[in-house]
Amino acid sequence: MSGVSDYVQNIKETVSTIFEGMAITASHFMRKPYTVQYPDRMAVRVQDTLPFRYRGILEVDLEICTGCLACERLCPIDCITIVADKDPVTKQLLLSQFDIDIAKCMYCGLCSEPCPTGSIHHTTEFEGADYSLESLIRRFVKDPVIAYKPKKGPETDQRIAPILNRGMAYLDQWAIPGSDAEAKAAADKAAAETAAPGEPS
Amino acid sequence: MSTLRTEEMTLNMGPQHPSTHGVLRFVVRADGEVMREAIPDVGYLHRSIEKIAEKVGYHGFMPYTDRVDYVCAMFTNQGWGSACERLGNIEVPKRGEYCRVIAAEFNRLASHLLSIGTMGMDIGAMTPFTHAIREREMINDLIEELCGARLTFNYMRIGGVAWDLPPGWREKSNAYLDHLEPILDEFNNLLSYNKIYVERLANIGIITAKEAIDYNLVGPNLRGCGVKWDIRKDIPYSVYPDFDFDVPVGNGHWGTLGDSMDRYMVRVFEMKESVKILRQALAKIPSGPVLAKVPRNFKPPAGECQIRVESARGDMGWYVVSDGTGYPWRVHVRTGSFAAMGIIQKLSQGLMIADLVTLIASLDVIAPEIDR
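Printed below as a string of structure tokens:
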């Protein structure tokens with residue numbers, strides 16, 4: 293008889309656990325969907341919703357590039373090619389080539405860490421499909437430019453100042469290894485509270 | 130009545146088979162549906178990562194370690210970082226160690242979610258997979274905010290971690306853990322306790338404790354056989370002694386001790402332990418720097434060291450030999466998946482072909498980790 297009762301018990305358990313699972317699945321009709329319709333039916337572009345530290349396709353601000361070659365030396369796969377020569381007449385550093393092969397790049401972020409001005413940085417852009425490998429080489433130098441020289445004190449050139457501010461902000465928040473971001477934010481908050489004690493936070 | 134004459138058939142499974150979890154190949158000698166044996170053929174995903182280390186130097190090798198096991202890259206990061214620190218006598222700041230543990234335990238959750246989700250899919254249950262992947266995506270969102278990448282993190286550096294926890298991240302993580310715990314119970318009701326699912330896994334691929342030790346199994350595969358061995362408890366590293374957590378082991382509740390179901394349930398229970406560790410770590414984390422001062426041109430003194438970390442797939446060993454230059458002389462990685470592949474030939478004898486798929490899934494084999 294135990295054979296029959298086992299058989300019935302098994303059927304009972306199977307049916308009940310299947311219905312339990314089905315109930316969970318059915319409950320998901322009532323929940324908010326987690327999926328999104330990429331790319332055409334989104335209210336905001338994905339690129340604009342990504343966090344600040346996101347490591348997307350690399351970009352270089354040539355206006356603030358010092359030509360120090362730190363990024364080229366640190367790249368583990370040599371996807372950055374920089375040609376920077378001293379001009380024999382003016383004795384200034386002249387950038388004549390700055391190529392990043394984003395087909396080779398593995399988005400590790402090691403290059404943007406040693407940059408003194410935040411010139412080379414990751415964007416939140418990730419859609420980089422193209423038809424040929426050559427077109428994936430990003431060439432940043434059109435005509436040879438003079439490398440940027442960091443000045444003592446704030447930057448006075450109206451054209452370069454905003455770019456440099458962006459670069460330094462990038463370094464502050466992201467690329468300087470080991471920066472104590474959480475403690476810094478807490479200190480900023482405390483400073484703001486002591487400055488305006490009466491106001492509700 | 131004469132018996133039916135049967136003939137042995139040699140089948141080729143993989144390397145592009147969708148159920149083999151990556152580029153794996155099995156030569157299956159089968160008699161009808163029943164296998165005589167399945168011979169694993171590894172090496173399809175070999176990328177000479179150990180040799181690359183000798184060419185790119187200590188700092189430059191960190192992004193490559195992500196590729197050793199891309200499902201739980203935090204542990205490979207941690208293994209390489211710790212090995213270099215042991216060689217160079219560098220002490221990691223306390224907050225850096227906490228950041229490492231938090232990131233690694235989140236990664237363990239993500240890896241186990243993928244493992245138990247694909248387990249259901251290999252049996253034919255599509256829905257649990259989407260549930261598990263949804264939770265994993267949320268963890269990926271958190272890790273993305275922490276280090277900027279979703280899969281190949283490159284979060285750790287020699288001497289600590291690259292970036293501190295962003296402002297507000299701890300609250301988000303705690304909120305996520307509150308959300309995850311009921312989901313795990315729901316997931317158990319959806320998949321783990323389903324009678325059909327249990328019948329497919331219980332009493333399949335039984336490994337005894339002695340066999341598991343003989344075949345060098347590690348991690349959840351070993352603990353599923355009832356052996357309580359966890360590097361985090363038994364050879365403590367990093368700041369794991371600070372936390373209170375249990376090591377779940379298989380108990381044969383659903384069938385025989387050491388079957389596929391035990392290995393699966395060990396992973397489910399381990400996720401709950403990871404949640405426990407994460408809650409304690411997020412509450413206890415001290416303030417301070419996260420990265421020790423390490424020269425850009427890192428040259429450890431000549432010597433060798435062996436580091437063991439408990440990755441999601443078990444004991445991961447990093448053996449590094451330095452000759453005093455800026456490049457390691459030899460690097461070797463010992464991974465859990467490679468050991469797990471060794472036992473498949475023995476376990477597959479007499480199994481059905483459909484059960485081979487669940488056996489591979491229950492061992493949680495990841496192809497890049499086998500070959501490096």
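Note that the protein sequences, when read in sequence, are chains A and B.
Per the working numbering, the first sequence starts with residue 293, numbered consecutively.
Per the working numbering, the second sequence starts with residue 130, numbered consecutively.
Cβ coordinates follow ideal geometry from the N, Cα and C atoms, glycine included.
Since G503 (chain B) is in the alpha helix (DSSP H), which residue starts that stretch and which ends it? Nothing about residue 503 (chain B) can be read from this structure; chain B reaches only from 130 to 501.
When the cut-off is 7 Å and only beta carbons count, does Q301 (chain A) lie next to chain B? As a first step, residue 301 (chain A) is located in the first sequence; it is residue number 9 there, counting from the start. No, no contact with chain B.
For the beta strand (DSSP E) containing F390 (chain A), name the first residue and the last one. Counting from one through the first sequence, the residue named residue 390 (chain A) turns up at place 98. L385 to D393 is the extent of the beta strand (DSSP E) around F390 (chain A).
Distance check for E234 (chain B) and G490 (chain A), CA to CA, integer angstroms please. The residue given as residue 490 (chain A) occupies position 198 in the first sequence. The residue given as residue 234 (chain B) occupies position 105 in the second sequence. Any answer about G490 (chain A) is weak, because its pLDDT of 46 lies below 50 and its placement is not dependable; what the coordinates show is given next. Distance between the alpha carbons of G490 (chain A) and E234 (chain B): 42 Å.
Say whether the stretch 369 to 387 of chain A touches the stretch 160 to 171 of chain B, bearing in mind that this needs 3 or more beta-carbon pairs closer than 8 Å, one atom from each stretch. no
Which residue wins for smallest C-alpha separation from E136 (chain B), given the options B:A159, B:M191 and B:R392? Residue mapping note: residue 136 (chain B) aligns to position 7 of the second sequence, counting from 1. Among B:A159, B:M191 and B:R392, the Cα nearest to that of E136 (chain B) is on B:A159.
Got a sec: which bits of the stretch 236 to 269 of chain B sit with their beta carbon under 7 Å from any beta carbon on chain A, in order along the chain? T256 and R263
Cβ-based neighbour list, W298 (chain B), same chain, cut-off 8 Å, excluding 5 preceding and 5 following: Locating residue 298 (chain B) in the second sequence gives position 169, where the first residue counts as 1. Once the five neighbours on either side are set aside, the close Cβ partners of W298 (chain B) are L271, E274 and L275.
Span separating the alpha-carbon of D391 (chain B) from that of Q329 (chain A): Mapped onto the second sequence, residue 391 (chain B) falls at position 262. Mapped onto the first sequence, residue 329 (chain A) falls at position 37. Approximately 39 Å between the Cα atoms of the pair.
Closest Cα partner of P406 (chain A) within the set A:I438, A:K443, A:S427 and A:C363: Translated into positions along the first sequence, residue 406 (chain A) becomes position 114. The residue with the shortest Cα to Cα distance from P406 (chain A) is A:C363.
Within 10 angstroms of the Cβ of R451 (chain A), are there 16 or more other Cβ atoms? Answer buried if so, exposed if not. On the first sequence, residue 451 (chain A) is found 159 positions in, with the first residue counted as 1. Classification for R451 (chain A): exposed.
L280 (chain B) and A261 (chain B) look like a contact to me (Cβ under 8 Å); what is the Cβ gap, rounded to whole Å? Translated into positions along the second sequence, residue 280 (chain B) becomes position 151. Translated into positions along the second sequence, residue 261 (chain B) becomes position 132. Between A261 (chain B) and L280 (chain B) the Cβ distance is about 16 Å, and since that is not below 8 Å, they are no contact.
Taking the beta carbon of R396 (chain B) as the centre, do at least 16 other beta carbons fall within 10 Å, making it buried, or is it exposed? Indexing the second sequence from 1 puts residue 396 (chain B) at position 267. R396 (chain B) comes out buried.
Pair within 7 Å by beta-carbon distance, S466 (chain B) and E498 (chain B): Looking up residue 466 (chain B) in the second sequence gives position 337. Looking up residue 498 (chain B) in the second sequence gives position 369. Closer than 7 Å, so yes.
C-alpha gap between I472 (chain B) and V171 (chain B), whole angstroms: The count along the second sequence starts at 1 and reaches residue 472 (chain B) at position 343. The count along the second sequence starts at 1 and reaches residue 171 (chain B) at position 42. Those two C-alpha atoms are separated by around 13 Å.
Determine which residues of the stretch 311 to 328 of chain B have a Cβ less than 9 Å from any Cβ of chain A, and write them out in chain order. E315, F316, N318, L319, L320, Y322, N323, K324, I325, Y326, V327 and E328
State yes or no: is the C-beta of I287 (chain B) within less than 7 Å of the C-beta of G210 (chain B)? Taking the second sequence and counting its residues from 1, the one referred to as residue 287 (chain B) is at position 158. Taking the second sequence and counting its residues from 1, the one referred to as residue 210 (chain B) is at position 81. Yes, Cβ-Cβ distance for I287 (chain B) and G210 (chain B) is below 7 Å.
DSSP state of N283 (chain B), grouped into three classes? Locating residue 283 (chain B) in the second sequence gives position 154, counting from the first residue. Looking at N283 (chain B) - three-state DSSP - the assignment turns out to be coil, as it is neither helix nor strand.
Distance between K413 (chain B) and P492 (chain A) (C-alpha atoms, nearest Å): For the purposes of this step, residue 492 (chain A) is identified with residue 200 of the first sequence, where counting begins at 1. For the purposes of this step, residue 413 (chain B) is identified with residue 284 of the second sequence, where counting begins at 1. Only weak support is given to the placement of P492 (chain A): the predicted model assigns it a pLDDT of 42, under 50, and the value that follows is read from those uncertain coordinates. Cα to Cα, the separation comes out at about 28 Å.
Within the same chain, show all residues whose beta-carbon is closer than 6 Å to that of C201 (chain B), passing over the 5 residues directly before and after it, in chain order. For the purposes of this step, residue 201 (chain B) is taken as the residue at position 72 of the second sequence. Once the five neighbours on either side are set aside, the close Cβ partners of C201 (chain B) are N236, S240, S440 and A441.
Using CA atoms only, rank isn't needed, just tell me which of B:V221, B:Y393, B:S403 and B:N269 is closest to V419 (chain B). The residue labelled residue 419 (chain B) in the question sits at position 290 within the second sequence. When each option's Cα is compared against that of V419 (chain B), the closest is B:V221.
I'd like to confirm the pairing. Which residues does DSSP put opposite Q435 (chain B) in its beta bridges? One-based indexing of the second sequence puts residue 435 (chain B) at position 306. Q435 (chain B) pairs with B:Y448.
Where W358 (chain B) meets chain A, residues with beta-carbon distance less than 7 Å: Taking the first residue of the second sequence as position 1, residue 358 (chain B) is located at position 229. Result: empty, since nearest Cβ-Cβ is about 33 Å, beyond 7 Å.
From the DSSP output, in three-state form, read off E166 (chain B) for me. If you number the second sequence from 1, residue 166 (chain B) lands on position 37. In this structure, E166 (chain B) counts as strand in the three-state DSSP scheme.
Taking the alpha carbon of L216 (chain B) as the point to measure from, which residue in B:T385, B:I325, B:L309 and B:G432 has its own alpha carbon closest? Counting from one through the second sequence, the residue named residue 216 (chain B) turns up at place 87. Comparing Cα-Cα distances from L216 (chain B) to each of B:T385, B:I325, B:L309 and B:G432, the minimum goes to B:G432.
Against chain B: residues of the stretch 334 to 364 of chain A by CB proximity under 7 Å: P343, R345, Y346 and R347
Identify whether F418 (chain A) lies in helix, strand or coil by the three-state DSSP scheme. Sequence index remark: in the first sequence, residue 418 (chain A) carries index 126 (1-based). Three-state result, F418 (chain A): coil.
Could you say which of B:A468, B:E264, B:V486 and B:I342 lies nearest to M400 (chain B) if we only look at CA atoms? Residue mapping note: residue 400 (chain B) aligns to position 271 of the second sequence, counting from 1. That would be B:E264, whose Cα lies nearest to the Cα of M400 (chain B).
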